[in-house]
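Visitor:
Right, dumping it as structure tokens:
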């Protein structure tokens with residue numbers, strides 16, 4: 454894999470030169486009291502890239518505790534996601550952090566960058582990153598402030614209206630289409646301040662088109678014609694073609710802060726306790742890999758107390774568990790601290806494997822994506838296994854022989870029904886989306902796969918129904934009450950069971 458994982462740098466400088474707002478709330482987000490006369494825009498761009506996939510606050514609470522437990526990648530005895538209970542702090546974490554940090558950083562940067570040819574590529578890249586964050590937001594909550602979200606910088610709008618998810622999705626597709634086309638390799642970019650692709654414009658174009666695939670496929674139920682149109686368009690323009698194209702962000706082991714992995718650093722420092730943690734791999738996840746002799750299991754999981762990553766000894770915790778069977782937490786599988794849970798483990802923001810699984814589903818539907826569903830599926834599984842080399846060499850990588858053995862035992866169901874094929878594809882996507890719980894949660898709601906057994910806990914909010922969304926940041930009831938109330942009157946009550954626009958039965 455080509456070396457595009459340079460170390461995150463200039464963080465102290467970024468902290469000094471960027472605006473100080475990191476709080477949630479639109480007035481704080483949109484106020485620009487320190488109007489910079491000579492902003493260090495490259496450093497601002499670097500920080501925006503770091504913020505795209507969120508920081509510790511939203512990843513620990515919204516991703517690990519809610520989304521990844523709802524889709525049964527992880528489980529916890531008292532986890533809000535495992536039992537469908539409500540925590541205002543955890544549920545609203547993504548909302549508050551996205552507007553207060555990630556989107557704030559991009560809007561702030563765009564407010565000081567002059568719209569000139571030499572800045573064009575930076576502007577287009579910001580548009581692409583903005584799509585990443587807004588799609589996650591709208592998929593998690595439904596209607597959210599979108600078109601007015603940045604108008605505090607140039608319009609004094611501190612209580613922005615919520616836009617319909619349909620309108621947001623239409624604009625996300627437009628933004629990716631336009632931004633990808635406008636990227637120009639003959640123009641300046643930001644050099645090594647680009648942590649993603651070191652200013653490689655063709656790679657950024659592939660990123661825009663691959664993200665367009667993700668956005669478009671989300672419409673497969675609510676607007677299949679538009680989904681087909683944009684999936685085919687993205688494929689024709691050129692999407693990820695190998696693991697070298699995957700979007701990976703490298704991290705440092707410390708000191709803790711924006712330089713460290715937002716998932717692993719808090720987990721390792723605070724939650725593992727030498728194998729005594731309450732949060733473990735879910736029985737659903739471990740059984741899926743263990744029962745199918747999946748060679749990835751030794752890379753993903755181990756018993757932290759003993760360092761044992763033998764697949765035969767791994768066991769997951771049921772999501773409805775009230776206690777650890779046998780009473781010994783150390784006998785249940787943790788994420789592997791030698792690989793995926795290293796303090797400096799990279800973040801796999803979007804993978805080539807995910808792209809292949811989207812194309813496989815499109816081929817099942819008969820859309821024009823260049824190859825058969827079987828070919829895309831097999832390439833996706835191989836990529837999902839091979840991409841794990843980004844987590845280092847302390848555990849043997851999946852060999853080609855192991856991949857071939859796995860595919861022989863679990864061939865693509867080429868003669869199966871459409872539902873059987875899509876279930877097989879999405880189950881594989883669910884595996885590669887480990888640590889990207891928000892995306893796995895969205896794909897589960899869109900497709901119903903993998904098949905999960907709901908948890909009906911007495912303390913749960915849903916009476917045994919798997920959640921369909923998270924509840925808004927409740928600070929909105931104070932800072933943006935009129936627009937919040939208008940949104941729920943249109944979308945439905947602010948409950949975990951309310952379906953969002955694209956989530957059709």
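Numbering (this note's numbering), first residue to last: 454 to 958. Just so you know, even glycine gets a beta-carbon here, dropped at the ideal spot from N, CA and C. Only a predicted model underlies this, so the values are computations on that prediction, with no experimental measurement involved.
(1) Identify, in the order they occur along the chain, each residue of the same chain with its Cβ nearer than 6 Å to the Cβ of residue 558, setting aside the five sequence neighbours on each side.
(2) Among 781, 864 and 762, which has the Cα closest to the Cα of residue 770?
(3) Please report how far the alpha carbon of residue 866 lies from the alpha carbon of residue 605, in whole angstroms.
(4) When you compare each of 801, 888, 738 and 772 to residue 880 by their alpha carbons, which one comes out closest?
(5) Excluding sequence positions up to five away, which residues of its chain have a Cβ less than 6 Å from the Cβ of residue 835?
(6) DSSP state of residue 648, grouped into three classes?
(7) Between the Cα of residue 452 and those of 599, 883, 791 and 920, spot the shortest distance and give me the residue it belongs to.
(8) Tell me which residues share the same chain as residue 907 and place their Cβ nearer than 7 Å to its Cβ, disregarding the 5 neighbours each side in the sequence.
(9) Identify every residue that forms a DSSP beta bridge with residue 615.
(10) Give me the residue from 643, 621 and 563 with the minimum Cα distance to residue 588.
(11) Is the distance from the Cβ of residue 648 to the Cβ of residue 584 below 7 Å?
(12) Using 10 angstroms around the beta-carbon of residue 833, count the other beta-carbons present and answer buried if the total reaches 16, otherwise exposed.
(13) Identify, in the order they occur along the chain, each residue of the same chain with its Cβ nearer than 7 Å to the Cβ of residue 813, setting aside the five sequence neighbours on each side.
(14) Under 8 Å: do the region 562–581 and the region 651–666 share three or more Cβ pairs, one atom per stretch?
(15) Note down, one range per segment and in chain order, each alpha helix (DSSP H) of at least 4 residues found wholly within the region 627–706.
(16) DSSP state of residue 884, grouped into three classes?
(17) Give me the Cα-Cα distance between residue 697 and residue 843, rounded to the nearest whole angstrom.
(18) Is DSSP giving residue 734 helix, strand or coil here?
(19) Quick check on residue 563: buried or exposed, where buried means 16 or more other Cβ atoms within 10 Å of its Cβ?
(20) For a quick check, are the C-beta atoms of residue 757 and residue 787 less than 7 Å apart?
(21) Quick check: residue 851 and residue 838, are their CB atoms within less than 7 Å of each other?
(22) Does the pairing of the region 588–603 with the region 629–648 give three or more beta-carbon distances under 8 Å?
(23) Sorted by chain position, which residues of the same chain lie with C-beta nearer than 6 Å to residue 890's C-beta, five sequence neighbours on each side aside?
(24) Whole angstroms are fine: how far does the CA of residue 681 sit from the CA of residue 821?
(25) The ligand GDP and residue 894: does the residue's C-beta get closer than 6 Å to at least one heavy atom of that ligand?
(26) Determine the direct distance from the alpha carbon of residue 549 to that of residue 938, and round the result to whole angstroms.
(27) Output needed for residue 490: all residues of its chain with C-beta closer than 6 Å, excluding positions within five of it in sequence on either side, in chain order.
(28) For the beta strand (DSSP E) containing residue 803, name the first residue and the last one.
(29) Quick one: which unbroken alpha helix (DSSP H) runs of 4-plus residues sit fully inside the region 819–864? Chain order, please.
(30) What's the call for residue 930, buried or exposed, on a 16-neighbour Cβ count within 10 Å?
(31) Rounded to the nearest angstrom, how far is the Cβ of residue 746 from that of residue 859, given a contact under 8 Å?
(32) Please report how far the alpha carbon of residue 580 lies from the alpha carbon of residue 566, in whole angstroms.
(33) Flag this pair as yes or no: are the beta carbons of residue 953 and residue 507 separated by less than 7 Å?
(34) Check whether the Cβ atoms of residue 659 and residue 684 lie closer than 7 Å to each other.
(35) Express the C-alpha separation of residue 935 and residue 793 in angstroms, rounding to a whole number.
(36) Assuming residue 401 is part of the alpha helix (DSSP H), what are its boundary residues?
Guide: With the given structure in hand:
(1) On the chain shown, residue 558 is found 105 positions in, with the first residue counted as 1. The answer, listed in chain order, is 500, 501 and 504.
(2) Stepping through the chain shown from its first residue, residue 770 is reached at position 317. Closest in C-alpha terms to residue 770, from the list 781, 864 and 762, comes 781.
(3) Here residue 866 corresponds to residue number 413 of the chain shown, with the count starting at 1. Here residue 605 corresponds to residue number 152 of the chain shown, with the count starting at 1. Straight-line measurement puts the Cα of residue 605 at about 52 Å from the Cα of residue 866.
(4) Counted from its first residue, the chain shown places residue 880 at position 427. Of 801, 888, 738 and 772, the residue nearest in Cα terms is 738.
(5) Taking the chain shown and counting its residues from 1, the one referred to as residue 835 is at position 382. Once the five neighbours on either side are set aside, the close Cβ partners of residue 835 are 856.
(6) Position 195 of the chain shown, counting from 1, holds the residue named residue 648. Here residue 648 sits in coil by DSSP.
(7) In the structure as shown, the chain starts at 454 and stops at 958, and residue 452 therefore has no counterpart that could be examined.
(8) Here residue 907 refers to the residue found at position 454 when the chain shown is read from its first residue. Excluding its 5 nearest sequence neighbours in each direction, residue 907 has C-beta neighbours in its own chain below 7 Å: 917, 918 and 919, listed in chain order.
(9) Reading the chain shown from its first residue, position 162 is the one you call residue 615. Its beta-bridge partners are 598.
(10) Start at 1 with the first residue of the chain shown, and residue 588 comes out as number 135. The shortest C-alpha separation from residue 588 is found at 621.
(11) Here residue 648 is taken as the residue at index 195 of the chain shown, counted from 1. Here residue 584 is taken as the residue at index 131 of the chain shown, counted from 1. Against a cut-off of 7 Å, the Cβ pair of residue 584 and residue 648 comes out as no contact.
(12) Walking along the chain shown from the start, residue 833 turns up at place 380. That one is buried.
(13) Taking the first residue of the chain shown as position 1, residue 813 is located at position 360. These residues qualify, in order along the chain: 826, 829, 830, 833 and 878.
(14) The way I'd put it, the region 562–581 does touch the region 651–666; three or more beta-carbon pairs between them come closer than 8 Å.
(15) Listed in chain order, the complete alpha helix (DSSP H) runs (minimum 4 residues) inside the region 627–706 are 654–670 and 677–690.
(16) Counting from 1 along the chain shown, the entry for residue 884 is found at position 431. Helix at residue 884.
(17) Residue mapping note: residue 697 aligns to position 244 of the chain shown, counting from 1. Residue mapping note: residue 843 aligns to position 390 of the chain shown, counting from 1. Straight-line Cα distance between these residues: approximately 11 Å.
(18) For this step, residue 734 is matched to residue 281 along the chain shown. Under the three-state reduction of DSSP output, residue 734 falls in the strand class.
(19) As a working mapping, residue 563 is identified with position 110 in the chain shown. By the neighbour-count rule (16 or more Cβ atoms within 10 Å), residue 563 is buried.
(20) As a first step, residue 757 is located in the chain shown; it is residue number 304 there, counting from the start. As a first step, residue 787 is located in the chain shown; it is residue number 334 there, counting from the start. The answer is yes: Cβ separation under 7 Å.
(21) Translated into the one-based positions of the chain shown, residue 851 becomes position 398. Translated into the one-based positions of the chain shown, residue 838 becomes position 385. Yes, they are a contact pair.
(22) Flag = no, the region 588–603 and the region 629–648 do not touch.
(23) Within the chain shown, numbered from 1, the residue matching residue 890 stands at position 437. Excluding residues within five positions, the ones whose Cβ falls inside 6 Å are 516, 520 and 521.
(24) Along the chain shown, read from residue 1 onward, the residue named residue 821 stands at position 368. Along the chain shown, read from residue 1 onward, the residue named residue 681 stands at position 228. Whole-angstrom Cα-Cα distance: 9 Å.
(25) Because no ligand of any kind appears in the structure shown, any question about the ligand GDP cannot be addressed here.
(26) Stepping through the chain shown from its first residue, residue 938 is reached at position 485. Stepping through the chain shown from its first residue, residue 549 is reached at position 96. Taking C-alpha positions only, residue 938 is separated from residue 549 by approximately 18 Å.
(27) Locating residue 490 in the chain shown gives position 37, where the first residue counts as 1. Because residue 490 carries a pLDDT of 43, less than 50, the predicted location of this residue cannot be relied on, and the following value inherits that uncertainty. Closer than 6 Å at the Cβ level, and outside the excluded window around residue 490, lies no residue.
(28) Counting from 1 along the chain shown, the entry for residue 803 is found at position 350. Its beta strand (DSSP E) spans residues 800–803.
(29) Complete alpha helix (DSSP H) runs here, min 4: 826–839 and 853–862.
(30) Counting from one through the chain shown, the residue named residue 930 turns up at place 477. The residue is exposed, with fewer than 16 neighbouring Cβ atoms inside 10 Å.
(31) By one-based count along the chain shown, residue 746 stands at place 293. By one-based count along the chain shown, residue 859 stands at place 406. Contact holds; Cβ gap of about 7 Å.
(32) Counting from one through the chain shown, the residue named residue 580 turns up at place 127. Counting from one through the chain shown, the residue named residue 566 turns up at place 113. Approximately 13 Å between the Cα atoms of the pair.
(33) Numbered from 1 along the chain shown, position 500 holds the residue referred to as residue 953. Numbered from 1 along the chain shown, position 54 holds the residue referred to as residue 507. In this structure, residue 507 does not lie closer than 7 Å to residue 953 by Cβ.
(34) Locating residue 659 in the chain shown gives position 206, where the first residue counts as 1. Locating residue 684 in the chain shown gives position 231, where the first residue counts as 1. No Cβ-Cβ contact shorter than 7 Å links residue 659 with residue 684.
(35) Numbered from its first residue, the chain shown carries residue 793 at position 340. Numbered from its first residue, the chain shown carries residue 935 at position 482. Spanning the two alpha carbons is a distance of roughly 43 Å.
(36) Examination of residue 401 is not possible in this model, given that the chain is present from 454 through 958 alone.
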